[in-house]
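In my numbering, the protein residues as written are 320 to 645. Think of the CB as a built atom: it goes at the ideal place given N, C-alpha and C, for glycine as much as any other residue.
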Amino acid sequence: MEFVLSADKKEIKSKNLNISITEFVLLGFSDVPQLQWMLFGIFLFMYLSILISNSIIMLITRTDSALQTPMYFFLSNFSFVEICYVTVTIPRMLMDLCTQKGTISLLSCAVQLCFVIMLGGMEFLLLTVMAYDRYVAICNPLHYPLVMNNKVCVQLVAACWICIIPVVTGQTYQIFSLPYCGSNKIHHFFCDIPPLLKLACGDTFVNNLAIYIASVVFIMVPFLLILVSYGKIICNVLKLATSGGRSKAFSTCSSHLIVVVLFYGTATITYAQPKAYQSETLGKLLSLFYTILIPLLNPIIYTLRNKDIMVALRKLQTKLSTYGNT
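Next up, the structure:
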């Protein structure tokens with residue numbers, strides 16, 4: 320009798336495993352339904368703040384003649400990537416908070432995942448390029464205009480895109496080639512790698528290995544390059560005779576260094592941590608940190624600690640007030 324019941328359970332489980340999933344359900348913040356509208360208001364305000372602040376940075380770096388330098392060219396590209404990055408995740412999250420459904424098709428989930436990884440990877444690569452720019456500016460100031468000319472800057476940004484697109488496309492295809500035949504509920508507010516792999520029925524060893532390799536290539540290697548760049552920068556700055564020169568050199572790097580620490584800290588915990596030790600609550604919290612809070616803080620960090628941008632903002636404000644009075 321027990322043998323028959325056991326066989327029936329195995330048969331039912333086998334039938335369930337043969338059911339192919341066609342859509343996922345993003346649970347998001349469904350565990351706190353009483354806070355749905357409050358969270359909607361907070362995230363909407365933060366999203367609009369990110370869009371406006373980064374758009375202003377893009378505007379002043381393109382229009383102000385004093386900001387037509389490689390450093391601000393890369394900052395403008397970084398702001399553009401930030402806008403795209405938050406737009407991939409936050410509007411969908413806001414819609415789910417309104418409808419309280421959270422259903423997302425397999426294709427939509429794949430597209431969202433692809434853009435999240437791609438834009439996130441671009442941010443890491445751009446941070447590395449910005450560190451190299453600061454290294455050349457401080458360690459080789461005489462050769463800086465020649466080394467970091469407009470053509471080189473455009474080529475560096477293009478190289479970042481060329482490197483990241485095929486890798487991310489391959490990763491996404493590999494992840495969605497796995498069979499998803501159990502639960503379709505994703506304990507997250509967007510399609511991300513760790514929660515998706517938890518739902519996969521097949522062997523995910525190859526996928527986890529590919530993720531670790533990609534993490535090393537696009538997170539650890541750039542981070543080491545940034546460390547080397549700043550190590551050389553610090554050595555050169557300490558050799559400067561005047562304290563004013565040292566403080567000016569450090570002030571141009573401090574904003575970038577703060578952003579690097581924030582980005583790499585959360586990314587390392589999220590993607591380099593073994594899958595078995597990843598908590599769903601911690602994963603959501605870290606994701607909120609690097610998808611919303613850091614993009615919100617970045618413009619503040621770059622503007623408040625940068626005199627050139629503050630001057631450009633005052634010029635823009637003067638122009639707008641003059642235009643409004645006419």
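Residue i at chain B interface by Cβ criterion, 7 Å
| i | result |
| --- | --- |
| Leu-632 | Among the chains in the structure shown there is no chain B, since it carries only a single protein chain. |
Spatial distance of residue i from residue j (CA atoms)
| i | j | result |
| --- | --- | --- |
| Val-556 | Ile-457 | 8 Å |
| Leu-518 | Glu-599 | 13 Å |
| Tyr-642 | Leu-635 | 10 Å |
| Leu-516 | Tyr-609 | 20 Å |
| Ala-533 | Asp-511 | 15 Å |
| Asp-452 | Met-467 | 7 Å |
| Ile-505 | Arg-411 | 14 Å |
| Thr-388 | Leu-607 | 33 Å |
| Cys-417 | Leu-346 | 13 Å |
| Leu-358 | Phe-393 | 33 Å |
| Ile-371 | Lys-638 | 18 Å |
| Lys-334 | Pro-618 | Bear in mind that a pLDDT of 43 at Lys-334, under 50, signals an unreliable position, so the model cannot answer this. |
| Asn-625 | Phe-495 | 43 Å |
| Asp-415 | Thr-488 | 26 Å |
| Pro-541 | Tyr-583 | 10 Å |
| Gly-550 | Met-449 | 15 Å |
| Ser-548 | Gly-501 | 47 Å |
| Ser-640 | Leu-367 | 22 Å |
Cut-off 8 Å between Cβ atoms - residues of its own chain near residue i, not counting five sequence neighbours on either side
| i | result |
| --- | --- |
| Gln-419 | Ser-349, Pro-352 and Gln-355 |
| Leu-378 | Leu-635 |
| Leu-363 | Leu-413 |
| Val-400 | Leu-438, Met-441, Glu-442 and Leu-445 |
| Ala-595 | Confidence is the limiting factor: at Ala-595 the pLDDT is only 47, short of 50, which leaves the residue's position unreliable and the question unanswerable from this model. |
| Ile-484 | Met-437 |
| Val-536 | Val-486 |
| Val-455 | His-462, Tyr-463, Val-466 and Met-467 |
| Ile-552 | Arg-453, Tyr-454, Ile-457, Cys-458, Ala-568 and Cys-572 |
| Cys-403 | Phe-434 and Leu-438 |
Sheet register partners of residue i (DSSP bridge)
| i | result |
| --- | --- |
| Val-344 | Thr-422 and Lys-504 |
CB contact flag (residue i, residue j, <7 Å)
| i | j | result |
| --- | --- | --- |
| Thr-422 | Val-344 | yes |
| Ile-375 | Leu-615 | no |
| Asn-469 | Gln-493 | no |
| Gly-602 | Pro-513 | yes |
| Ile-538 | Ala-586 | yes |
| Leu-576 | Ile-588 | no |
| Val-476 | Asn-373 | no |
| Ile-361 | Asn-503 | no |
| Leu-432 | Thr-491 | yes |
Cβ neighbours of residue i in the same chain (closer than 7 Å, five flanking residues each side left out)
| i | result |
| --- | --- |
| Asp-383 | Ala-631 and Lys-634 |
| Val-579 | Leu-446 and Ile-545 |
Close beta carbons around residue i, own chain, < 6 Å, minus the five adjacent residues each side
| i | result |
| --- | --- |
| Gly-521 | Leu-497 and Pro-498 |
| Tyr-621 | Ser-574 |
| Ile-613 | Leu-581 |
| Ile-611 | Met-365 |
| Phe-434 | Val-407 |
| Cys-428 | Phe-343 and Cys-510 |
| Thr-523 | Leu-516 |
| Tyr-391 | Thr-380 |
| Ser-570 | none |
| Met-629 | none |
Check your understanding: Going along the chain, which unbroken runs of the alpha helix (DSSP H) with 4 or more residues stay wholly within the region 348–401?
Key -> 355–382
Exercise for review: Jot down the residue ranges of each uninterrupted alpha helix (DSSP H) in the region 418–474, minimum 4 residues, whole runs only, in chain order.
Suggested key: Fully enclosed alpha helix (DSSP H) runs of 4 or longer: 425–458 and 463–466.
Review point. Where in the region 593–642 do unbroken runs of the beta strand (DSSP E), each at least 3 residues long, occur, reported from the N-terminal end onward?
Key: Within the region 593–642, no complete beta strand (DSSP E) run reaches 3 residues.
Point to revise | Residue ranges of each beta strand (DSSP E) within the region 533–560, 3 or longer | key: none
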